[in-house]
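Heads up, the sequence shown is in the UniProt record's numbering, so the first residue is 1 and it goes up one at a time. Where a beta carbon is used, it is the ideal one built from N, C-alpha and C, also for glycine. A short worksheet on the structure shown next.
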Amino acid sequence: MSICAIDIDMWPVTNTQPRAPVRFNHLPLGFLSPVILLDSKAQQTELEWISYPPNGWEEISGLDENYTPIRTYQVCQVMEPNQNNWLRTNWIEKGDAQRIFVELKFTLRDCNSLPGVVGTCKETFNLYYQETDSEVGRSLRENQYVKIDTIAADESFTQGDLGERKMKLNTEVRIIGPLSRRGFYLAFQDVGACIALVSVKVYYKKCWSIIENLATFPDTVTGSEFSSLVEVEGMCVSDAEEEADNSPKMHCSAEGEWLVPIGKCICKAGFHQKGDACEPCGRGFYKSSSQDLQCSRCPAHSFNDREGSWRCDCEDGYYRALSDPPSVACTRPPSAPQNLVYNINQTTVSLEWSPPADTGGRNDVSYRVICRRCSWEPEECVPCGPNVGYSPAQSGLVDTYVTIMDLLAHANYTFEVEAVNGVSDLSRTQRLFAAVSIATGQAAPSQVSEVIKEKVQQRSIQLSWQEPHQPNGVITEYEIKYYEKDQKDRIYSTVRSKSTSATVNNLKPSTAYVFQIRAFTEAGYGTYGPRLEITTKEEATAAIVSSEQNPVIIIAVVAVAGTIILVFMVFVCACQLAFLSLTVKFPGTKTYIDPETYEDPNRAVHQFAKELDASCIKIERVIGAGEFGEVCSGRLKLPGKRDVSVAIKTLKVGYTEKQRREFLCEASIMGQFDHPNVVHLEGVVTRGKPVMIVIEYMENGSLDAFLRKHDGQFTVIQLVGMLRGIAAGMRYLSDMGYVHRDLAARNILVNSNLVCKVSDFGLSRVIDDDPEAVYTTTGGKIPVRWTAPEAIQYRKFTSASDVWSYGIVMWEVMSYGERPYWDMSNQDVIKAIEEGYRLPAPMDCPPGLHQLMLDCWQKDRAERPKFDQIVGILDKMIRNPNTLKTPVGTCTRPISPLLDQSTPDFTAFRSVGEWLEAIKMERYRDNFTAAGYSSLESVARMSIEDVMSLGITLVGHQKKIMSSIQTMRAQMLHLHGTGVQV
């Protein structure tokens, strides 16, 4: 056999693993195989591919690594220069595929093992393809093919001098696409290699049909690009329907995975979910709404005798009110009230009764009273009419009593009291009620309602009136009650009259009086009639008479009055000008507008936020879950602009209108801001599903998690730069008249360039233009560890309270995301702050930065620095890092650093045990003793590594102990000058 001969059926296989395997991510239903378009190993007859020239590639039968017969193509013309051997497959119809995968398995001989072939032997071959809509025959034109790649072997085989042969099987995968025609050819070009093409597999990937959330998603071919997601509409399974305004969708990834499910289907009323299907409720069960999860057994006194029912029918004699949901048991009217008794007082009757023995199974029992006036002949009764009064009411009574007034004297009445509930009007049975018959006695007269003022003088008023509508006997006299209006009826006088008129004398001039009249019979006085207000005439005085006779006085009075009016008008104009000067904004000044001032929240959203077309947004992956739904990352491609990375907040399925308003409110707020240190809003999607808020993508996420992940990896200047960016963003918000209320490291986002931007405007509120104005709330949760004391105690938030929060953010940054106040409870934090204690400087924190924190934590908010001052201080520190070492702040008031609610005098402790007890770390007493730390001087020399070596594993406890040790060192150095190495 020549040195170029290849005999693959004799080659032992020592390596069948591919060099770069195709990776398939985890699929919801497990791994699903791709769609195979061509597999040369599966064909054991001749392949009959086109070889050109004919003496180039040669089709040979052989055995694969499992000794299965296969058809292969080989070429090994390495002795002759300028080889150009082509091999073309048959036409491959691609179907719906756009991206095609080509997997090649081959062997290749090492040129160094072939003597005498220097300059002619190659160790690579080329892969080409040609797109066509149909077969083009057996001709082969090189210029019609597009090169895919040059294929090289990872492992080549050699042949020893004694005939020992070793073979390495190589696997390479290449991707073609996007393809646009019906099919294609593959071609292989040999330029002088010794190669055997063992197998060729051509396939594409698709997302296979699945049922998810009761929606069927059909087989879907993946997109043409590696990062593309194909959105697919789902179709509800039988007896299911789309959830309101939330049609089911999924996204098919390039790797054949179903991702980002949106919306779902739910079983219709009368059906419940079982696996991936909806089954009808059985007999005796029902499901009233598609929103219910399971079928329920028919409630009491109801039934159904068919499958798939949405409600149950009531048994005979039982009913369901129109307002009753299907889940409520069927009920019946109540029985009659019990123990009806009455009490009569002339023409007023009081009725009392006990509740019915049977309420019909309902809790909405009330009572109604029916009044009939009867003649002395039996069964001759008529309704009482509108002149009879009922207290508290005639129907809808909840209590078991009623008073009936204004009945006729010496008359017979029948009263029926009926208990009713929500199904009484539906019942076809006879009414059940309690009844009583009563005869009224003599009654007092009714009210005198028609009073006329006949004559009004300075000191007297003459009145007349009509007899009451129901005198109920002979009226013997009338009583007139009167009093001054200002005195109300605390002091009043009376006048009596035998007739229907009277004159009241001895009144005051120019005084308003109130009059009421009542009638008297043998049965007693009736009630007073309505109030009548009359003012007596004025009394002429000598001063007025003389002024009428003196023109000079008249002129003087007119002049004084005119002067007063002129001064008043000038004052009003001045107030209006002052008001306008306070409310009118200067041109170019931008002020935040609270979206809650809009009656229609949608108007605020569309005024401040740009509406985006959902087709411009490509969701790529889910990166988290927010308060209202999933948070995804993706790309935004607007017409005429390059695509940008964005974060997409989605509104969860089944949202309420209130949740939608709250979700979009944040966009209405963010849309008003434009600053490099405030997260930028790209726009919103409100006219499609799901509702989305699209913001710029911050690659490094929240600041607190980012710092914890990179603990100790930044320089102090880098950290100060981050703080400067946050302060600049807050200065911008403060200048717009905006209070954040929830400033914390968790609400600061960091991009790939370490630029920090303020975000999360869920708790934010607006303040007035007055710099001292505050926003006061009446409740709600607040982040205690980040909130200023006046905001905790009085719920008053200002830019100064944001400055306090900024000081906590500074501490978080310098401690690399440590939790403020460690494991102290919120109540302990509040108490410590009230007592004047503050957080100590984090480890390695420059004194200048800690002093700025203490300035931000001044109890008097007026003494805290403004954000403009903070930015200036940080700029100075960045320009001159030496200032970081000098604690020069904006305030001089001393503040005690916090060490678990107090900073003890460590020099007063006599033992390590007392010190640990003071900082509430006495649980580690034995750890210190066992390690030989018997004095405070030895403890003061400890490092963080020493603390960790004691077996103290909790990070919060480690840092708490180290903070205490640092304070201990400072006290010892201050008192003794030396002796402890810091």
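inquiry  = By the three-class DSSP mapping on this structure, what secondary structure does Arg838 have?
reply    = strand
request  = Can you check the UniProt domain "Fibronectin type-III" (444-539) for any beta strand (DSSP E) of at least 3 residues that lies completely inside it and give the ranges in chain order?
outcome  = 451-456, 461-465, 477-484, 493-497, 501-504, 512-521, 532-535
request  = Decide yes or no for the touch test of the region 522-535 against the region 443-453: beta carbon pairs closer than 8 angstroms, at least 3 of them.
outcome  = yes
task = Say whether the region 681-694 touches the region 719-727, bearing in mind that this needs 3 or more beta-carbon pairs closer than 8 angstroms, one atom from each stretch.
result = Judged by pairs of C-beta atoms under 8 angstroms, the region 681-694 does not touch the region 719-727, as fewer than three such pairs exist.
message = If contacts are defined as beta-carbon pairs under 8 angstroms, then Cys278 and Asp239 qualify, I think. What distance do you get, rounded to the angstrom?
response = 4 angstroms
query = Quick one: any contact between the region 94-104 and the region 201-214, if contact means 3 or more CB pairs under 8 angstroms?
reply = At 8 angstroms Cβ cutoff, the stretches touch.
Which of helix, strand or coil DSSP assigns to Glu682 = Here Glu682 carries a strand assignment [DSSP, helix/strand/coil].
query = Residues bridged to Leu636 by DSSP?
reply = The bridge partners DSSP lists for Leu636 are Ile617, Val644.
inquiry  = Buried or exposed, going by whether 16 or more other CB atoms sit within 10 Å of the CB of Phe226?
reply    = exposed
key: 7 angstroms CB neighbourhood of Ser911 in its chain, flanking five on each side removed   = none
task = Give the DSSP-derived three-state secondary structure of Glu914 in the structure shown.
result = helix
query = Nearest-angstrom Cα distance between Arg19 and Ile60?
reply = Reliability fails at Arg19, whose pLDDT of 31 lies under 50, so the model's placement of it is uncertain and the value that follows must be treated cautiously. Their backbone Cα atoms lie some 25 angstroms apart in a straight line.
Contact set for Cys265: own chain, Cβ-Cβ below 8 angstroms, skip 5 residues either direction = Asn213, Leu214, Ala215, Gly234, Cys236, Val237, Ala240, Glu241, Glu242, Glu243, Pro248
query = If you check the beta carbons only, do Ser253 and Leu229 fall under 8 angstroms apart?
reply = yes
Option nearest Tyr318 by Cα separation, candidates Ser424, Leu849, His251, Ile262 = Ser424
ask   = Should Pro383 go down as buried or exposed, given a rule of 16 or more other Cβ atoms within 10 Å for buried?
value = exposed
message = Using a 10 Å radius around the Cβ and a threshold of 16 neighbouring Cβ atoms, would you call Ile491 buried or exposed?
response = exposed
key: 8 angstroms contact criterion, which Gly729 and His680 should meet: CB distance rounded   = The C-beta separation of Gly729 from His680 comes to about 11 angstroms, leaving the pair out of contact by the 8 angstroms criterion.
query = Is there contact between the region 363-375 and the region 385-398, where contact requires at least three CB pairs shorter than 8 angstroms?
reply = yes
message = Do Thr650 and Cys665 count as a contact pair if the criterion is CB distance below 8 angstroms?
response = no
inquiry  = Taking only three categories from DSSP, how would you classify Lys249?
reply    = Correct three-state label for Lys249: strand.
key: Contiguous beta strand (DSSP E) assignments of at least 3 residues, all confined to the region 687-767   = Taking only runs of at least 3 residues, the beta strand (DSSP E) segments lying wholly in the region 687-767 are 692-696, 748-750, 756-758.
message = Using only CA atoms, which one of Ser134, Thr124, Val474, Glu80 lies nearest to Gly116?
response = Glu80
Neighbourhood of Ser501 by C-beta distance below 6 angstroms, restricted to the same chain and skipping five residues each side = Closer than 6 angstroms at the Cβ level, and outside the excluded window around Ser501, lie Ser464.
key: Closest Cα partner of Ile623 within the set Glu611, Arg603, Val646   = Val646
query = If you drop the 5 nearest sequence neighbours on each side, which residues of the same chain put their C-beta closer than 6 angstroms to that of Ala300?
reply = Shown here for Ala300: same chain residues with a beta carbon closer than 6 angstroms to its own, the five before and five after excluded, namely Ala329 in chain order.
task = Just the C-alpha distance for Thr72 and Ile211, rounded to the nearest angstrom, thanks.
result = 42 angstroms
ask   = Where are the alpha helix (DSSP H) runs, 4 residues long or more, that stay fully inside the UniProt domain "SAM" (907-971), in chain order?
value = 912-918, 925-930, 936-940, 944-949
request  = With hydrogens ignored, establish whether the beta-carbon of Phe285 is closer than 7 angstroms to any heavy atom of the ligand SAM.
outcome  = Of ligands this structure carries none, so the ligand SAM is not represented either.
key: Check whether Pro840 and Ser815 have beta carbons under 8 angstroms apart   = no
task = Could you tell me which of Leu408, Asp358, Thr359 sits nearest to Arg373, measuring between CA atoms?
result = Leu408
request  = Tell me whether Asp149 is buried or exposed, calling it buried when 16 or more other Cβ atoms sit within 10 Å of its Cβ.
outcome  = Asp149 should be labelled exposed.
inquiry  = What does the alpha-carbon distance come out to for the pair Glu627 and Ala791?
reply    = 24 angstroms
Spatial neighbours of Ser288 in its chain, beta-carbon cut-off 7 angstroms, leaving aside the 5 residues before and after = Ala269, Trp310, Arg311, Pro325, Pro326, Ser327
query = What do you get for Pro334, buried or exposed, if any count of 16 or more other CB atoms within 10 angstroms of its CB means buried?
reply = Under this definition Pro334 is a buried residue.
message = By alpha-carbon positions, which one of Asp245, Ala435, Asp64, Tyr821 ends up nearest to Val653?
response = Asp245
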